[in-house]
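Step one of this worksheet: look at the structure below.
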Amino acid sequence: MAHPIDPSVTQQSDASPPHSAGDVAWQHPATRRAWTVDLAQHLLGVPLGIGAAGTVIVNLPTPTWVSVILIVLLVIAGIIGICRQAPLVRRAFRLRRILRTYPWEVHERGLPHAYSQRHSAHRGRPWFQFPDPDAPESWVMVYLDQDRHTRWWVERMSPQAGPEAKADIRTLWFVGDPRFCAILAVPGKRGPHRMLEIPRQGTLHVGAEIYDNSSPEALIRATKAGARLPELALPAMASDSTPAVPAPAPPPGPAMSFPATRRSMWLLLLRGTAVLAVTPIPFLWLLSLGPYSFAGAKGLGMLLLATVVPAFQSVRTRFKLRRNIRGDGQSWRMLDVEIRHRGRALVLVTGSEALRTQLVLRRPPAGRAQVWFAGHIHGDGVVSLRADGAVVPVRCVEKRHAAAKPKAAASGERRRTRRWGRVG
1 MAHPIDPSVT QQSDASPPHS AGDVAWQHPA TRRAWTVDLA QHLLGVPLGI GAAGTVIVNL
61 PTPTWVSVIL IVLLVIAGII GICRQAPLVR RAFRLRRILR TYPWEVHERG LPHAYSQRHS
121 AHRGRPWFQF PDPDAPESWV MVYLDQDRHT RWWVERMSPQ AGPEAKADIR TLWFVGDPRF
181 CAILAVPGKR GPHRMLEIPR QGTLHVGAEI YDNSSPEALI RATKAGARLP ELALPAMASD
241 STPAVPAPAP PPGPAMSFPA TRRSMWLLLL RGTAVLAVTP IPFLWLLSLG PYSFAGAKGL
301 GMLLLATVVP AFQSVRTRFK LRRNIRGDGQ SWRMLDVEIR HRGRALVLVT GSEALRTQLV
361 LRRPPAGRAQ VWFAGHIHGD GVVSLRADGA VVPVRCVEKR HAAAKPKAAA SGERRRTRRW
421 GRVG
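Numbered continuously in UniProt numbering, the sequence shown closes out at residue 424.
Here it is in structure tokens:
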């Protein structure tokens with residue numbers, strides 16, 4: 001059971017979690033110190049090890065060819081070490097987002113856990129059970145991946161573990177939401193120890209019922225903590241149900257007959273064509289500097305293709321979009337959307353679809369709004385964010401499927417129907 005935090009306690013040990021239930025875990029000095037030490041180990045471990053080994057190799061009285069071989073092996077080891085440490089550095093910053101969002105919970109009697117047999121229903125995977133934040137009487141089961149990051153935990157969850165090993169996980173610190181992202185740790189002398197990132201169920205198999213059964217506050221908090229949730233699963237932002245300034249009605253007739261739309265579409269095509277024309281100039285200039293070996297010319301050619309192909313695809317998509325809107329006679333129509341910022345792009349949520357724009361330099365404020373839309377709602381289209389005919393390409397990235405219809409009854413009980421109505 002979670003330990004109830006007493007706000008009346010004024011004196012606080014540096015190794016114990018914050019006593020105020022409203023404090024997030026990052027406000028705990030020992031938590032910040034433990035995270036900083038963990039990040040420093042990942043950032044400085046490989047450079048210091050490579051530097052120490054390189055110093056020893058240089059000072060060894062060995063032949064030159066032996067030193068060259070050792071240096072090559074050292075460089076290879078450094079590359080492998082960097083590749084192994086890079087995910088750990090990213091993991092450290094993911095943990096920091098969780099620590100800055102949720103408070104610590106202390107479970108003095110531990111949490112239900114087991115390391116089941118391979119032939120059981122859990123297929124030999126270790127698991128923990130956590131209280132559901134929205135329904136404390138129910139539990140959420142989270143499986144642990146068996147790798148080098150969870151070896152310490154799995155050894156103490158095993159049935160073969162001794163009493164001393166099991167005592168290490170008798171008292172647990174927990175922060176986060178087990179349905180999305182969380183951290184599990186054990187108390188140490190100077191703060192949390194062995195911080196373990198709970199695998200997010202979103203990376204495995206998450207049904208729509210998890211999002212439907214989660215409160216809006218839990219979804220918004222999980223998003224702030226770094227959990228990647230579908231746009232349609234997120235609740236509406238805190239704003240009025242209607243736009244502050246309703247957009248003017250779109251003009252009748254085909255969208256391409258509107259002068260502002262026609263001019264904006266041509267400018268969009270000209271910008272894409274200009275980028276495609278300018279992209280190969282630096283590579284052609286490098287090729288003209290002098291003769292290159294086959295490997296050098298091949299490398300420049302690959303870089304040229306890597307930059308020209310995306311620009312060509314962008315121009316091709318814009319021409320195709322213009323042809324579809326013009327050929328089908330698509331007209332502007334009004335859409336009530338919720339604007340959400342995703343980097344320099346925008347996500348327009350209509351309720352059943354999520355439309356993502358390209359990079360937008362002048363972003364409108366987030367919240368409810370009315371925009372003009374032309375195109376196919378489940379494919380490619382354009383929107384006019386300011387309702388003035390200026391086009392911004394959009395693409396449907398998510399759509400909510402209709403609920404599955406119940407299956408028909410067995411053939412013996414199926415009702416017979418005719419074209420003019422039911423007969424039995």
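Backbone N, C-alpha and C fix where the C-beta goes; we use that ideal spot for every residue, glycine too.
Classify ALA369 as helix, strand or coil using the three-state DSSP reduction. strand
Could you tell me the boundaries of the beta strand (DSSP E) in which MET157 lies? Here MET157 belongs to no beta strand (DSSP E); instead the alpha helix (DSSP H) covers 151-157.
Out of PRO365, LEU43, PHE319, SER331, point me to the one whose CA is closest to ARG271's CA. PHE319
Through-space distance from ARG94 to MET195, alpha-carbon basis: 12 Å
Which term fits MET157, buried or exposed, when burial requires 16 or more other beta carbons within 10 angstroms of its beta carbon? buried
What is the DSSP secondary structure of HIS113, counted as helix, strand or coil? strand
For TYR102, three-class secondary structure by DSSP: coil
Can you tell me whether ILE169 is buried or exposed? The criterion is at least 16 other CB atoms within 10 Å of its CB, across all chains shown. buried
Which stretch, first to last residue, makes up the beta strand (DSSP E) that contains TRP173? 172-177
If we count the other Cβ atoms within 10 Å of its Cβ and call it buried at 16 or more, is TRP266 buried or exposed? exposed
On the criterion of 16 or more Cβ atoms from any shown chain inside 10 Å, does TYR211 qualify as buried, or is it exposed? buried
Using a threshold of 7 Å, state whether the C-beta atoms of GLY176 and THR31 are closer than that. no
Measuring straight from C-alpha to C-alpha, what distance separates PRO365 and ILE339? 7 Å
Classification of HIS341 by the beta-carbon crowding that lies within 10 angstroms, buried from 16 upward: exposed
Cβ distance (whole Å) where MET256 is taken to contact ARG262 below 8 Å: 6 Å
May I ask which residues mark the beginning and end of the beta strand (DSSP E) holding LEU60? That residue, LEU60, is in no beta strand (DSSP E); it is neither H nor E in DSSP.
Using three-state DSSP, classify LEU219 as helix, strand or coil. helix
List the DSSP bridge partners of ALA354. VAL349, GLU398
Per DSSP, the bridge partner or partners of GLN330: Note: GLN330 sits in no beta bridge, so no partner.
Specify the secondary structure class of ARG386 as computed by DSSP and reduced to three states. coil
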